[in-house]
Each structure stands twice: as structure tokens, then as C-alpha cells.
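Undergrad: This structure is in C-alpha cells; I'll ask about it shortly.
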Amino acid sequence: MALLEIVHFPAPVLRKKTKLIIDFSDPKLAPLISDMAETMYDAPGVGLAANQIGLSLRLAVIDVDWKEEEGQKNLRVFINPILLEKSEDIFFEEGCLSLPSLTAQTKRFNKVTVQYQDLKGTKKTLSAEGLLAVALQHETDHLDGKLYIDRLSSLKKELLIKKFKKLKEER
833 MALLEIVHFP
843 APVLRKKTKL
853 IIDFSDPKLA
863 PLISDMAETM
873 YDAPGVGLAA
883 NQIGLSLRLA
893 VIDVDWKEEE
903 GQKNLRVFIN
913 PILLEKSEDI
923 FFEEGCLSLP
933 SLTAQTKRFN
943 KVTVQYQDLK
953 GTKKTLSAEG
963 LLAVALQHET
973 DHLDGKLYID
983 RLSSLKKELL
993 IKKFKKLKEE
1003 R
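So for the sequence shown, the numbering used here puts the first residue at 833; every next one is plus one.
Here it is, written out as C-alpha cells:
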């Protein structure tokens, strides 16, 4: 396993819709998922999409239950995810590994149903709520070339981008 470099805003790969994974027999797929998980846990984050490591693949890993001090992991892998149903608006304080050190109240759905494929290519459906539902929406947005800041008002988005650029200059 290896740590991968996380791509930061405004990298063009973050703004492009990712490609479906078709070849589930590809021997590089399982190691890629392991590396993505290791990178996500190391960051630390609750989710990571493939385009956040520079790959245009419709693949995301999520673990909303992991706490570093407890060490117990509950990794979920979503290949080719599609949100089918959404309900109950909520506002959630959201951050992103591609926009480090920034958060904003973002409007999301509290409940979602997602269709996806597992590592073998088997289609599955999952209903989620709360943090898992928000993480699924966040990562699916990434796979569609969107960032959480795109869900903010233009003024809030502009202020966050300015703040991000300033933080980047200070590093």
C-alpha cells in the first residue's frame, strides 16, 4: 500500500466528470482502492474520490465511522455510484481534502439512496442518512466534477476561494 498525493483546488481534474469503471478484472483496481483508503485515513478524511488523486475514474471510498484513536475501520467502496433518491434538506458543516483547512455550511439531503457496484462488479443499492448520506453526496459530486463550494452562494464561494488562496500562499 502507498500514500497517494491529493490534488488540490483549482486542479482541472476536479472539474471533469469521471469515467465509468467497466473492467472489474483489472488487477490494478483492488490495490488502487487500498491506496485510496490508506490516503484517506492518513489525511485524515471520511471520503476520497478517485479524481482527488488525479484519476478520472468513477470510484470513491468512504468511512464515516472511523476514529483515529479507536482504530476500528468500516471502509465502504463505491464504484460507479448514482444517487437515486434524495429527501429532507439539512445544512451540514462540510470540508474537503482538496480544499484543506476550509469548511462551510452546505445544503444537502439528510437521506439518500445510492446504486453502485462492488469490487466484483455486482450492482448494489444502499439507503443512507446523516453523515453517510452527506459523504455520498459529497463524493458523488466530486465524481461529477463538482465541489461543495459550488453549492454555496456566489459571495460565500468567492470568499472561501480567496481564503483558500491566502492560506496556500502562507504555506
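For glycine and all other residues, C-beta sits at the position ideal for the given N, C-alpha and C. Bear in mind that the values here come from a model prediction, so they are computed numbers and not experimental data.
Determine which residues share a DSSP beta bridge with Thr945 and list them.
TA: Numbered from its first residue, the sequence shown carries residue 945 at position 113. Its beta-bridge partners are Glu917 and Ser959.
Undergrad: Given 8 Å as the limit, is there contact between the segment 884–893 and the segment 932–939, that is, 3 or more CB pairs closer than that?
TA: Contact fails: fewer than three Cβ-Cβ distances are below 8 Å.
Undergrad: Assign Asn912 to one of three DSSP states: helix, strand, or coil.
TA: Along the sequence shown, read from residue 1 onward, the residue named residue 912 stands at position 80. Asn912: strand per DSSP, three-state reduction.
Undergrad: Which value, in whole angstroms, describes the spacing of the CA atoms of Glu961 and Tyr980?
TA: Within the sequence shown, numbered from 1, the residue matching residue 961 stands at position 129. Within the sequence shown, numbered from 1, the residue matching residue 980 stands at position 148. Using only the alpha carbons, I get a separation of about 18 Å.
Undergrad: Between Ser959 and Arg908, what straight-line distance do the alpha-carbon atoms span, to the nearest angstrom?
TA: Here residue 959 corresponds to residue number 127 of the sequence shown, with the count starting at 1. Here residue 908 corresponds to residue number 76 of the sequence shown, with the count starting at 1. If I take the Cα positions, the gap works out to 13 Å.
Undergrad: Label Gln911 either buried or exposed according to how many other C-beta atoms from any shown protein chain fall within 10 Å of its C-beta, with 16 as the threshold for buried.
TA: Your numbering for residue 911 matches position 79 in the sequence shown. For the record, residue 911 in the displayed sequence is Ile; it is not Gln. Ile911 comes out buried.
Undergrad: Between His970, Cys928, Ala967 and Val966, which has its C-alpha nearest Phe841's C-alpha?
TA: As a working mapping, residue 841 is identified with position 9 in the sequence shown. Considering only alpha carbons, the answer is Cys928.
Undergrad: Do Leu915 and Thr972 have their CB atoms nearer than 7 Å?
TA: The residue given as residue 915 occupies position 83 in the sequence shown. The residue given as residue 972 occupies position 140 in the sequence shown. Going by C-beta atoms, Leu915 is nearer than 7 Å to Thr972.
Undergrad: According to the neighbour-count rule (16 or more other Cβ atoms, all chains shown, within 10 Å of its Cβ), is Asp895 buried or exposed?
TA: The residue given as residue 895 occupies position 63 in the sequence shown. Asp895 is buried by the Cβ-count criterion.
Undergrad: Compare the beta carbon distance of Arg983 and Thr945 with 7 Å and say whether it is the shorter of the two.
TA: Position 151 of the sequence shown, counted from the start, is the residue given in the question as residue 983. Position 113 of the sequence shown, counted from the start, is the residue given in the question as residue 945. No, they are not a contact pair.
Undergrad: Note the first and the last residue of the continuous beta strand (DSSP E) segment covering Ala892.
TA: Within the sequence shown, numbered from 1, the residue matching residue 892 stands at position 60. From DSSP, the beta strand (DSSP E) with Ala892 extends over Leu891 to Ile894.
Undergrad: DSSP on Arg940, reduced to helix/strand/coil?
TA: Here residue 940 corresponds to residue number 108 of the sequence shown, with the count starting at 1. Three-state result, Arg940: strand.
Undergrad: Alpha carbon to alpha carbon, how far is Gln884 from Pro844? Give it in angstroms, no decimals.
TA: In the sequence shown, residue 844 corresponds to position 12, counting from 1. In the sequence shown, residue 884 corresponds to position 52, counting from 1. Rounded to the nearest angstrom, the two C-alpha atoms are 11 Å apart.
Undergrad: What residue range does the beta strand (DSSP E) around Leu880 cover?
TA: Locating residue 880 in the sequence shown gives position 48, counting from the first residue. Per DSSP, Leu880 belongs to the beta strand (DSSP E) from Gly879 to Ala881.
Undergrad: Could you tell me whether the segment 950–958 touches the segment 850–865, using the rule of 3 or more Cβ pairs below 8 Å?
TA: As far as the Cβ criterion goes, the segment 950–958 touches the segment 850–865, which means the pair count is three or higher.
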